[in-house]
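**Q**
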């Protein structure tokens, strides 16, 4: 009985609920830019993303990775067990049902995200083992796709049901915003892999960061950050250029830590470790979350 209870506790740890904070900027950016807000829909979509499908994805991924070393948000993860798969299935099923309560289209979007997440991790397919394909899955689904999913969930339910809002209009209206999100995710993603080269290779996974090398990972991330900033500019210059100016200012601490860490790794690759990776993630997430929260209030 005690063993069964411990397995459930270990499974809950693998949900890494606090890690959802790092993915929150995309949701908050969408919330700050939506022309209409259905409060219930916004609350439900937040719950779906940050308390259901993101944690489910973490548990599902850890189950098939059989993680023993540090993973994002867990420096010393407990051993994998079958309860993790049960938990992931329960959370994903709940997410689909909740999405359907808003609209059929939102349920399709959530279903597509769940499917992509599972194809990314499932042993018999495991898209993550391929450097470029794995990167593109994260680039698309945690960036542009999540921005679009969030934007759709904010719209008044009756408008969606009566087809007064064409979901594809949002793709056109917020193209630059969605691309900014994808390139922002694309910058962070290889940095989260930089300390796991050996463990990933041992597990049959060739990551983008491994392909790029330690220095190449930072160069690639810097280019991605630059392109993301360009798309933020292209979007904000048509809506609120002052928000872009503020955005460039709040990025200074993020860029500062990025350069500081890159220099340390340049001198000694031992600094490409879990601690510095998490610092980079948390600094970027907290600053961007606060900035987008300001835009929401504004």
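In my numbering, the protein residues as written are 74 to 371. Ideal Cβ placement from N, Cα and C applies to all residues, glycine included.
What three-state label does DSSP hand residue 110 in the structure shown?
**A** Taking the first residue of the chain shown as position 1, residue 110 is located at position 37. Coil at residue 110, not helix or strand.
**Q** Count the other CB atoms, across all protein chains shown, that sit within 10 Å of the CB of residue 111; report buried if there are 16 or more and exposed otherwise.
**A** Residue numbering aside, residue 111 sits at position 38 when the chain shown is read from its first letter. Result: buried.
**Q** Following the continuous alpha helix (DSSP H) through residue 83, name the residue where it begins and the one where it ends.
**A** Start at 1 with the first residue of the chain shown, and residue 83 comes out as number 10. It spans 75-86 - the alpha helix (DSSP H) in which residue 83 sits, taken as one unbroken run.
**Q** Is it true that the CB of residue 88 sits closer than 8 Å to the CB of residue 128?
**A** What you label residue 128 is simply residue 55 of the chain shown in a count that begins at 1. What you label residue 88 is simply residue 15 of the chain shown in a count that begins at 1. Going by C-beta atoms, residue 128 is nearer than 8 Å to residue 88.
**Q** Beta-carbon separation of residue 308 and residue 358 under 8 Å?
**A** One-based indexing of the chain shown puts residue 308 at position 235. One-based indexing of the chain shown puts residue 358 at position 285. Not a contact, by the Cβ cut-off of 8 Å.
**Q** Please report the Cβ distance between residue 117 and residue 226, rounded to the nearest whole angstrom; I am assuming they are in contact, meaning their Cβ atoms lie under 8 Å.
**A** Within the chain shown, residue 117 is the residue found at index 44, counting from 1. Within the chain shown, residue 226 is the residue found at index 153, counting from 1. With 8 Å as the limit, residue 117 and residue 226 qualify as a contact, their Cβ atoms being about 7 Å apart.
**Q** Report the CB separation of residue 197 from residue 80 in whole angstroms; it is logged as a contact under 8 Å.
**A** What you label residue 197 is simply residue 124 of the chain shown in a count that begins at 1. What you label residue 80 is simply residue 7 of the chain shown in a count that begins at 1. Not quite, the Cβ-Cβ distance comes to about 24 Å (not below 8 Å), so this is no contact.
**Q** Please name the residue, chosen from 350, 321, 367, 253, that lies closest to residue 333 on a Cα-to-Cα basis.
**A** The residue you call residue 333 lines up with position 260 of the chain shown. Per the Cα distances, 350.
**Q** Taking a contact to mean a Cβ-Cβ separation below 8 Å, would you say residue 193 touches residue 182 in this structure?
**A** Your numbering for residue 193 matches position 120 in the chain shown. Your numbering for residue 182 matches position 109 in the chain shown. Going by C-beta atoms, residue 193 is not nearer than 8 Å to residue 182.
**Q** Taking the straight line between their C-alpha atoms, what separation do you get for residue 318 and residue 361?
**A** The count along the chain shown starts at 1 and reaches residue 318 at position 245. The count along the chain shown starts at 1 and reaches residue 361 at position 288. The alpha-carbon atoms of residue 318 and residue 361 are separated by roughly 14 Å.
**Q** In the DSSP assignment, the alpha helix (DSSP H) including residue 216 goes from what residue to what residue?
**A** Numbered from its first residue, the chain shown carries residue 216 at position 143. Where residue 216 is concerned, there is no enclosing alpha helix (DSSP H), given that its DSSP letter is neither H nor E.
**Q** Report the three-state DSSP secondary structure of residue 278 (helix, strand or coil).
**A** Taking the first residue of the chain shown as position 1, residue 278 is located at position 205. The answer is coil: DSSP assigns residue 278 none of H, G, I, E or B.
**Q** Please say whether residue 330 and residue 148 have beta carbons closer to each other than 8 Å?
**A** Within the chain shown, residue 148 is the residue found at index 75, counting from 1. Within the chain shown, residue 330 is the residue found at index 257, counting from 1. Cβ atoms of residue 148 and residue 330: not closer than 8 Å.
**Q** What span of residues does the alpha helix (DSSP H) with residue 190 cover, start to end?
**A** Taking the chain shown and counting its residues from 1, one reaches residue 190 at position 117. Looking at the DSSP string, the run of the alpha helix (DSSP H) that includes residue 190 is 177-194.
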